[in-house]
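Under full-length UniProt numbering, think of the first position of the sequence shown as 1, with each following residue one higher. All C-beta atoms, glycine included, are put in the ideal place defined by N, C-alpha and C. A quick note: this is a predicted structure, and the numbers were derived from the prediction, not measured. For reference, the structure discussed in these notes is given below.
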Amino acid sequence: MNGTNSSKFWTIAREHEKLADAMHYAIGVAFVLIMLISTLGNGGVMYVFIRTRNLRTPNYFLVSALCLGDFLMSTLGMPMFITSCFFTRWILGRVGCLVYGTLMTFLGLSQITLLASIAFTRYRYVVNNCSIDTLVAKIVVIMCYLYAFIFSLAPLFGWSRPVVEPIGTSCGPNWAGTEPRDVSYNLTIFVLCFFVPLSIITFSYFMIYLKIKRKRIHKKTDGYENHVTVTILLMIVAFLLSWSPYAALAMYVIITKNSTMHLALSSVPVVLAKTAPLWNPYIYFDQTDGLYHAHIWKTYSFQQSNSFKRKQTEVLTTI
1 MNGTNSSKFW TIAREHEKLA DAMHYAIGVA FVLIMLISTL GNGGVMYVFI
51 RTRNLRTPNY FLVSALCLGD FLMSTLGMPM FITSCFFTRW ILGRVGCLVY
101 GTLMTFLGLS QITLLASIAF TRYRYVVNNC SIDTLVAKIV VIMCYLYAFI
151 FSLAPLFGWS RPVVEPIGTS CGPNWAGTEP RDVSYNLTIF VLCFFVPLSI
201 ITFSYFMIYL KIKRKRIHKK TDGYENHVTV TILLMIVAFL LSWSPYAALA
251 MYVIITKNST MHLALSSVPV VLAKTAPLWN PYIYFDQTDG LYHAHIWKTY
301 SFQQSNSFKR KQTEVLTTI
(Lines of atoms letter the chains of each structure in order from A and count residues from 1; the text may use other names and numbers.)
(Lines give C-alpha, C1' and ligand atoms only; values in the text may rest on other atoms or scores of the structure.)
Protein backbone atom coordinates (compact mmCIF):
# COMPACT_ATOMS: atom_id res chain seq x y z
CA MET A 1 0.00 0.00 0.00
CA ASN A 2 1.05 3.52 -0.63
CA GLY A 3 0.18 4.91 2.78
CA THR A 4 -1.34 7.98 1.15
CA ASN A 5 -4.78 9.20 0.26
CA SER A 6 -4.67 7.02 -2.85
CA SER A 7 -4.86 3.89 -0.69
CA LYS A 8 -7.52 5.14 1.71
CA PHE A 9 -10.22 2.80 0.44
CA TRP A 10 -8.16 -0.33 0.86
CA THR A 11 -6.55 0.73 4.18
CA ILE A 12 -9.87 1.40 5.89
CA ALA A 13 -11.39 -1.83 4.62
CA ARG A 14 -8.45 -3.92 5.81
CA GLU A 15 -8.34 -2.30 9.23
CA HIS A 16 -11.92 -3.20 10.00
CA GLU A 17 -12.07 -6.71 8.53
CA LYS A 18 -10.02 -9.35 6.81
CA LEU A 19 -11.26 -12.00 4.44
CA ALA A 20 -10.99 -15.42 6.11
CA ASP A 21 -7.91 -17.40 5.17
CA ALA A 22 -10.10 -20.33 4.15
CA MET A 23 -11.88 -18.05 1.66
CA HIS A 24 -8.57 -16.97 0.17
CA TYR A 25 -7.52 -20.61 -0.20
CA ALA A 26 -10.86 -21.51 -1.83
CA ILE A 27 -10.55 -18.65 -4.30
CA GLY A 28 -6.98 -19.70 -5.06
CA VAL A 29 -7.98 -23.30 -5.78
CA ALA A 30 -10.93 -22.18 -7.91
CA PHE A 31 -8.73 -19.90 -9.98
CA VAL A 32 -6.19 -22.63 -10.54
CA LEU A 33 -8.96 -24.51 -12.32
CA ILE A 34 -10.17 -21.38 -14.11
CA MET A 35 -6.62 -20.63 -15.24
CA LEU A 36 -6.20 -24.13 -16.66
CA ILE A 37 -9.55 -24.14 -18.46
CA SER A 38 -9.05 -20.61 -19.80
CA THR A 39 -5.53 -21.36 -20.98
CA LEU A 40 -6.71 -24.54 -22.70
CA GLY A 41 -9.65 -22.83 -24.41
CA ASN A 42 -7.81 -19.73 -25.60
CA GLY A 43 -4.70 -21.69 -26.46
CA GLY A 44 -6.81 -24.14 -28.44
CA VAL A 45 -8.34 -21.34 -30.50
CA MET A 46 -4.91 -19.94 -31.35
CA TYR A 47 -3.60 -23.43 -32.14
CA VAL A 48 -6.43 -24.12 -34.59
CA PHE A 49 -5.93 -20.67 -36.14
CA ILE A 50 -2.20 -21.29 -36.66
CA ARG A 51 -2.57 -24.84 -37.98
CA THR A 52 -5.60 -24.22 -40.23
CA ARG A 53 -4.68 -21.86 -43.06
CA ASN A 54 -8.24 -21.60 -44.38
CA LEU A 55 -9.38 -20.06 -41.10
CA ARG A 56 -7.09 -17.05 -41.36
CA THR A 57 -9.86 -14.66 -42.28
CA PRO A 58 -10.09 -11.03 -41.07
CA ASN A 59 -12.90 -11.75 -38.59
CA TYR A 60 -11.18 -14.83 -37.26
CA PHE A 61 -8.02 -12.73 -36.87
CA LEU A 62 -9.95 -10.37 -34.57
CA VAL A 63 -11.28 -13.28 -32.53
CA SER A 64 -7.79 -14.76 -32.24
CA ALA A 65 -6.45 -11.42 -31.01
CA LEU A 66 -9.17 -11.46 -28.36
CA CYS A 67 -8.21 -14.97 -27.32
CA LEU A 68 -4.54 -14.00 -27.24
CA GLY A 69 -5.34 -11.31 -24.69
CA ASP A 70 -7.36 -13.76 -22.64
CA PHE A 71 -4.50 -16.25 -22.87
CA LEU A 72 -2.00 -13.69 -21.59
CA MET A 73 -4.36 -12.69 -18.80
CA SER A 74 -4.61 -16.34 -17.75
CA THR A 75 -0.91 -17.12 -17.97
CA LEU A 76 0.60 -13.85 -16.70
CA GLY A 77 -2.00 -12.23 -14.45
CA MET A 78 -3.75 -15.14 -12.80
CA PRO A 79 -0.58 -16.77 -11.38
CA MET A 80 0.23 -13.55 -9.49
CA PHE A 81 -3.31 -13.39 -8.11
CA ILE A 82 -3.37 -17.10 -7.23
CA THR A 83 -0.01 -16.94 -5.45
CA SER A 84 -1.20 -14.01 -3.32
CA CYS A 85 -4.42 -15.90 -2.52
CA PHE A 86 -2.45 -18.76 -1.00
CA PHE A 87 -0.45 -16.26 1.06
CA THR A 88 -3.78 -14.51 1.96
CA ARG A 89 -2.28 -11.10 1.11
CA TRP A 90 -0.59 -9.23 -1.71
CA ILE A 91 3.05 -10.36 -1.49
CA LEU A 92 4.63 -8.70 -4.53
CA GLY A 93 5.07 -5.27 -3.00
CA ARG A 94 4.48 -1.83 -4.44
CA VAL A 95 6.40 -2.46 -7.68
CA GLY A 96 4.57 -5.74 -8.20
CA CYS A 97 1.28 -3.91 -7.62
CA LEU A 98 2.17 -1.38 -10.31
CA VAL A 99 3.19 -4.11 -12.74
CA TYR A 100 0.12 -6.27 -12.07
CA GLY A 101 -2.31 -3.34 -12.08
CA THR A 102 -0.89 -1.92 -15.31
CA LEU A 103 -0.76 -5.30 -17.04
CA MET A 104 -4.27 -6.35 -16.09
CA THR A 105 -5.69 -2.92 -16.90
CA PHE A 106 -4.06 -3.05 -20.34
CA LEU A 107 -5.31 -6.57 -21.07
CA GLY A 108 -8.78 -5.84 -19.71
CA LEU A 109 -9.21 -2.64 -21.70
CA SER A 110 -7.85 -4.21 -24.88
CA GLN A 111 -10.27 -7.13 -24.49
CA ILE A 112 -13.29 -4.89 -24.04
CA THR A 113 -12.25 -2.75 -27.00
CA LEU A 114 -11.64 -5.80 -29.20
CA LEU A 115 -14.99 -7.23 -28.18
CA ALA A 116 -16.71 -4.03 -29.27
CA SER A 117 -14.75 -4.04 -32.55
CA ILE A 118 -15.79 -7.62 -33.27
CA ALA A 119 -19.41 -6.72 -32.56
CA PHE A 120 -19.27 -3.72 -34.87
CA THR A 121 -17.61 -5.61 -37.75
CA ARG A 122 -20.23 -8.34 -37.44
CA TYR A 123 -22.95 -5.71 -37.51
CA ARG A 124 -21.45 -4.21 -40.67
CA TYR A 125 -21.31 -7.64 -42.30
CA VAL A 126 -24.79 -8.88 -41.35
CA VAL A 127 -26.73 -5.64 -41.72
CA ASN A 128 -24.79 -3.79 -44.44
CA ASN A 129 -23.09 -6.76 -46.13
CA CYS A 130 -19.78 -4.95 -45.70
CA SER A 131 -16.78 -7.09 -44.79
CA ILE A 132 -13.21 -6.14 -43.91
CA ASP A 133 -9.90 -7.44 -45.26
CA THR A 134 -6.94 -8.71 -43.31
CA LEU A 135 -5.10 -5.38 -43.42
CA VAL A 136 -8.07 -3.56 -41.87
CA ALA A 137 -8.37 -6.28 -39.21
CA LYS A 138 -4.70 -5.83 -38.27
CA ILE A 139 -5.15 -2.06 -38.08
CA VAL A 140 -8.19 -2.52 -35.83
CA VAL A 141 -6.22 -4.77 -33.48
CA ILE A 142 -3.32 -2.31 -33.33
CA MET A 143 -5.69 0.59 -32.62
CA CYS A 144 -7.36 -1.38 -29.83
CA TYR A 145 -3.98 -2.11 -28.27
CA LEU A 146 -2.90 1.53 -28.54
CA TYR A 147 -6.20 2.65 -26.99
CA ALA A 148 -5.71 0.32 -24.03
CA PHE A 149 -1.99 1.13 -23.82
CA ILE A 150 -2.63 4.86 -23.36
CA PHE A 151 -5.14 4.46 -20.52
CA SER A 152 -3.26 1.66 -18.75
CA LEU A 153 0.07 3.51 -18.72
CA ALA A 154 -1.38 6.91 -17.76
CA PRO A 155 -1.27 6.13 -14.00
CA LEU A 156 2.48 5.54 -14.22
CA PHE A 157 2.85 9.20 -15.21
CA GLY A 158 0.82 10.62 -12.35
CA TRP A 159 -2.79 10.23 -13.53
CA SER A 160 -4.03 8.19 -10.53
CA ARG A 161 -2.19 5.01 -9.50
CA PRO A 162 -2.93 1.27 -9.12
CA VAL A 163 -3.53 0.20 -5.51
CA VAL A 164 -4.31 -3.03 -3.66
CA GLU A 165 -7.97 -3.96 -4.15
CA PRO A 166 -10.38 -4.73 -1.26
CA ILE A 167 -9.84 -8.46 -1.56
CA GLY A 168 -6.21 -7.84 -0.57
CA THR A 169 -4.64 -10.18 -3.14
CA SER A 170 -4.77 -8.13 -6.35
CA CYS A 171 -4.30 -4.57 -7.57
CA GLY A 172 -6.39 -2.25 -9.71
CA PRO A 173 -7.45 1.39 -10.21
CA ASN A 174 -7.99 3.49 -7.10
CA TRP A 175 -11.75 3.90 -7.40
CA ALA A 176 -12.12 5.59 -4.00
CA GLY A 177 -9.45 8.21 -4.53
CA THR A 178 -10.68 11.73 -3.73
CA GLU A 179 -7.93 13.68 -5.43
CA PRO A 180 -8.81 15.31 -8.80
CA ARG A 181 -6.37 13.06 -10.66
CA ASP A 182 -8.09 9.94 -9.26
CA VAL A 183 -11.64 11.14 -9.87
CA SER A 184 -10.91 12.30 -13.43
CA TYR A 185 -9.14 9.05 -14.32
CA ASN A 186 -11.88 6.89 -12.83
CA LEU A 187 -14.67 8.71 -14.66
CA THR A 188 -12.73 8.61 -17.92
CA ILE A 189 -12.11 4.87 -17.61
CA PHE A 190 -15.73 4.20 -16.74
CA VAL A 191 -17.14 6.19 -19.65
CA LEU A 192 -14.65 5.52 -22.44
CA CYS A 193 -13.57 2.00 -21.51
CA PHE A 194 -16.79 0.44 -20.27
CA PHE A 195 -19.91 2.42 -21.21
CA VAL A 196 -18.82 3.19 -24.78
CA PRO A 197 -17.79 -0.41 -25.68
CA LEU A 198 -20.94 -1.74 -24.03
CA SER A 199 -23.04 0.71 -26.05
CA ILE A 200 -21.35 -0.41 -29.27
CA ILE A 201 -21.96 -4.06 -28.45
CA THR A 202 -25.59 -3.45 -27.53
CA PHE A 203 -26.26 -1.35 -30.65
CA SER A 204 -24.51 -3.81 -32.98
CA TYR A 205 -26.28 -6.91 -31.76
CA PHE A 206 -29.63 -5.20 -31.49
CA MET A 207 -29.37 -4.17 -35.14
CA ILE A 208 -28.33 -7.71 -36.08
CA TYR A 209 -31.35 -9.06 -34.24
CA LEU A 210 -33.67 -6.68 -36.08
CA LYS A 211 -32.09 -7.61 -39.40
CA ILE A 212 -32.55 -11.33 -38.80
CA LYS A 213 -36.08 -10.80 -37.51
CA ARG A 214 -37.08 -8.90 -40.65
CA LYS A 215 -35.41 -11.40 -42.92
CA ARG A 216 -37.56 -14.11 -44.40
CA ILE A 217 -36.44 -17.34 -42.74
CA HIS A 218 -36.67 -20.71 -44.44
CA LYS A 219 -36.28 -24.06 -42.77
CA LYS A 220 -32.73 -24.42 -44.02
CA THR A 221 -31.70 -21.22 -42.25
CA ASP A 222 -33.52 -21.79 -38.98
CA GLY A 223 -30.38 -23.27 -37.47
CA TYR A 224 -28.32 -20.28 -38.53
CA GLU A 225 -30.84 -17.84 -37.04
CA ASN A 226 -30.91 -19.72 -33.75
CA HIS A 227 -27.11 -19.94 -33.71
CA VAL A 228 -26.71 -16.19 -34.15
CA THR A 229 -29.38 -15.42 -31.55
CA VAL A 230 -27.90 -17.76 -28.94
CA THR A 231 -24.35 -16.55 -29.59
CA ILE A 232 -25.43 -12.93 -29.21
CA LEU A 233 -27.32 -13.64 -26.00
CA LEU A 234 -24.51 -15.66 -24.44
CA MET A 235 -21.84 -13.13 -25.31
CA ILE A 236 -23.80 -10.18 -23.91
CA VAL A 237 -24.70 -12.11 -20.75
CA ALA A 238 -21.09 -13.22 -20.21
CA PHE A 239 -19.82 -9.70 -20.77
CA LEU A 240 -22.29 -8.22 -18.30
CA LEU A 241 -21.79 -11.03 -15.80
CA SER A 242 -18.04 -10.51 -15.73
CA TRP A 243 -17.71 -6.74 -15.90
CA SER A 244 -20.93 -5.01 -14.85
CA PRO A 245 -20.69 -5.86 -11.12
CA TYR A 246 -17.14 -4.51 -11.06
CA ALA A 247 -18.17 -1.37 -12.98
CA ALA A 248 -21.18 -0.90 -10.68
CA LEU A 249 -18.94 -1.21 -7.61
CA ALA A 250 -16.49 1.28 -9.08
CA MET A 251 -19.19 3.81 -9.90
CA TYR A 252 -20.78 3.35 -6.47
CA VAL A 253 -17.48 4.06 -4.74
CA ILE A 254 -16.74 7.02 -7.03
CA ILE A 255 -20.12 8.63 -6.33
CA THR A 256 -20.62 7.82 -2.64
CA LYS A 257 -16.98 7.70 -1.50
CA ASN A 258 -18.10 4.82 0.71
CA SER A 259 -14.87 3.02 1.54
CA THR A 260 -16.17 0.99 4.48
CA MET A 261 -18.49 -1.47 2.73
CA HIS A 262 -18.36 -5.12 3.73
CA LEU A 263 -15.16 -6.68 2.44
CA ALA A 264 -16.81 -9.89 1.21
CA LEU A 265 -19.40 -7.88 -0.70
CA SER A 266 -16.80 -5.70 -2.37
CA SER A 267 -14.64 -8.72 -3.24
CA VAL A 268 -17.31 -10.52 -5.29
CA PRO A 269 -17.22 -8.12 -8.29
CA VAL A 270 -13.41 -8.23 -8.28
CA VAL A 271 -13.44 -12.03 -8.48
CA LEU A 272 -16.14 -12.09 -11.18
CA ALA A 273 -14.19 -9.67 -13.38
CA LYS A 274 -11.17 -11.98 -13.21
CA THR A 275 -13.21 -14.82 -14.75
CA ALA A 276 -13.61 -12.85 -18.02
CA PRO A 277 -10.86 -14.78 -19.90
CA LEU A 278 -12.78 -18.01 -19.35
CA TRP A 279 -15.85 -17.34 -21.48
CA ASN A 280 -14.95 -15.94 -24.90
CA PRO A 281 -13.44 -18.97 -26.69
CA TYR A 282 -16.26 -21.25 -25.61
CA ILE A 283 -18.96 -18.76 -26.56
CA TYR A 284 -17.59 -17.83 -29.97
CA PHE A 285 -16.96 -21.41 -30.97
CA ASP A 286 -19.84 -23.10 -29.20
CA GLN A 287 -21.29 -24.16 -32.56
CA THR A 288 -17.98 -25.13 -34.16
CA ASP A 289 -17.10 -28.22 -32.15
CA GLY A 290 -17.13 -30.21 -35.37
CA LEU A 291 -14.32 -28.08 -36.69
CA TYR A 292 -12.12 -28.82 -33.70
CA HIS A 293 -12.88 -32.54 -33.86
CA ALA A 294 -12.14 -32.59 -37.57
CA HIS A 295 -8.92 -30.68 -37.10
CA ILE A 296 -7.71 -32.99 -34.34
CA TRP A 297 -8.57 -36.00 -36.49
CA LYS A 298 -6.69 -34.45 -39.40
CA THR A 299 -3.65 -33.73 -37.23
CA TYR A 300 -3.28 -37.30 -35.95
CA SER A 301 -4.48 -39.26 -38.98
CA PHE A 302 -3.06 -36.95 -41.69
CA GLN A 303 -6.39 -37.10 -43.53
CA GLN A 304 -8.78 -34.36 -44.52
CA SER A 305 -12.25 -35.36 -45.57
CA ASN A 306 -14.65 -33.38 -47.71
CA SER A 307 -16.89 -32.93 -44.69
CA PHE A 308 -14.03 -31.16 -42.91
CA LYS A 309 -13.64 -28.77 -45.83
CA ARG A 310 -17.38 -28.12 -45.90
CA LYS A 311 -17.36 -27.48 -42.15
CA GLN A 312 -14.55 -24.94 -42.62
CA THR A 313 -16.61 -23.13 -45.25
CA GLU A 314 -19.66 -23.02 -42.96
CA VAL A 315 -17.61 -21.59 -40.11
CA LEU A 316 -16.00 -18.93 -42.30
CA THR A 317 -19.40 -17.69 -43.42
CA THR A 318 -20.88 -17.48 -39.91
CA ILE A 319 -18.02 -15.94 -37.91
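Check                                                                                                                                                                   : Outcome
Quick one: Cα of residue 205 to Cα of residue 48, how far?                                                                                                              : 26 angstroms
Locate the alpha helix (DSSP H) running through residue 211, then write down its first and last residues.                                                               : 196-214
Would residue 242 pass as a contact of residue 264 if the rule is Cβ separation under 8 angstroms?                                                                      : no
Report the option in 257, 275, 133 whose CA atom is closest to the CA atom of residue 61.                                                                               : 133
Just reading off the alpha helix (DSSP H) that residue 322 is part of, what are its end residues?                                                                       : Outside the displayed range of the chain (1 to 319) lies residue 322, so it cannot be described from this structure.
Would you mind sorting residue 186 into buried or exposed? The rule is 16 or more other CB atoms within 10 Å of its CB.                                                 : buried
Indicate the three-state DSSP secondary structure (helix, strand or coil) for residue 97 in the structure shown.                                                        : helix
Taking DSSP as the reference, what is the three-state secondary structure of residue 158?                                                                               : coil
Report the three-state DSSP secondary structure of residue 177 (helix, strand or coil).                                                                                 : coil
On the criterion of 16 or more Cβ atoms from any shown chain inside 10 Å, does residue 93 qualify as buried, or is it exposed?                                          : exposed
In angstroms, rounded to a whole number, what distance separates the CA positions of residue 41 and residue 154?                                                        : 32 angstroms
Alpha carbon to alpha carbon, how far is residue 174 from residue 105?                                                                                                  : 12 angstroms
Out of 86, 69, 37, 68, state which residue places its alpha-carbon closest to the alpha-carbon of residue 330.                                                          : With the chain running from 1 to 319 in the structure shown, residue 330 is simply not present.
Taking three-plus beta-carbon pairs below 8 angstroms as touching, is the region 72-83 in contact with the region 21-31?                                                : yes
Looking at the structure shown, is residue 171 part of a helix, part of a strand, or coil, going by DSSP?                                                               : strand
Nearest to residue 270 by CA position, among 281, 253, 262, 245, is which residue?                                                                                      : 245
Should residue 160 be labelled buried (16 or more other beta-carbon atoms within 10 Å of its own) or exposed?                                                           : buried
Taking residue 141 as the reference, which of 121, 125, 127 has the closest Cα?                                                                                         : 121
To the nearest angstrom, how far is it from the Cα of residue 109 to the Cα of residue 102?                                                                             : 11 angstroms
Rank 54, 107, 88, 236 by C-alpha distance to the C-alpha of residue 67 and give the top, closest one.                                                                   : 107
Would you list the one or two residues that DSSP bridges to residue 163?                                                                                                : 172
How many Å lie between residue 116 and residue 69 at the Cα?                                                                                                            : 14 angstroms
Assign residue 198 to buried or exposed, taking buried as 16 or more other Cβ atoms, counted over all protein chains shown, within 10 Å of its Cβ.                      : buried
Would you mind working out which of 168, 44, 193, 268 sits nearest residue 112, comparing C-alpha positions?                                                            : 193
Count the other CB atoms within 10 Å of the CB of residue 128; is the residue buried (16 or more) or exposed (fewer)?                                                   : exposed
Sorted by chain position, which residues of the same chain lie with C-beta nearer than 7 angstroms to residue 75's C-beta, five sequence neighbours on each side aside? : 39
I'd like the span of the alpha helix (DSSP H) that includes residue 193, first residue to last.                                                                         : Careful: residue 193 lies outside any alpha helix (DSSP H) and carries neither H nor E.
Let me confirm a value: residue 26 is counted as buried when at least 16 other C-beta atoms fall within 10 Å, else exposed. Which label applies?                        : exposed
Would you give the residue range spanned by the alpha helix (DSSP H) that residue 262 belongs to?                                                                       : Taken as a continuous stretch (DSSP letters only), residue 262 belongs to no alpha helix (DSSP H), as it is neither H nor E.
Starting from residue 59 and walking both ways along the alpha helix (DSSP H), at which residues does that stretch end?                                                 : 58-72
Suppose contacts are defined by Cβ-Cβ distances below 8 angstroms. Is residue 97 in contact with residue 144 by that definition?                                        : no
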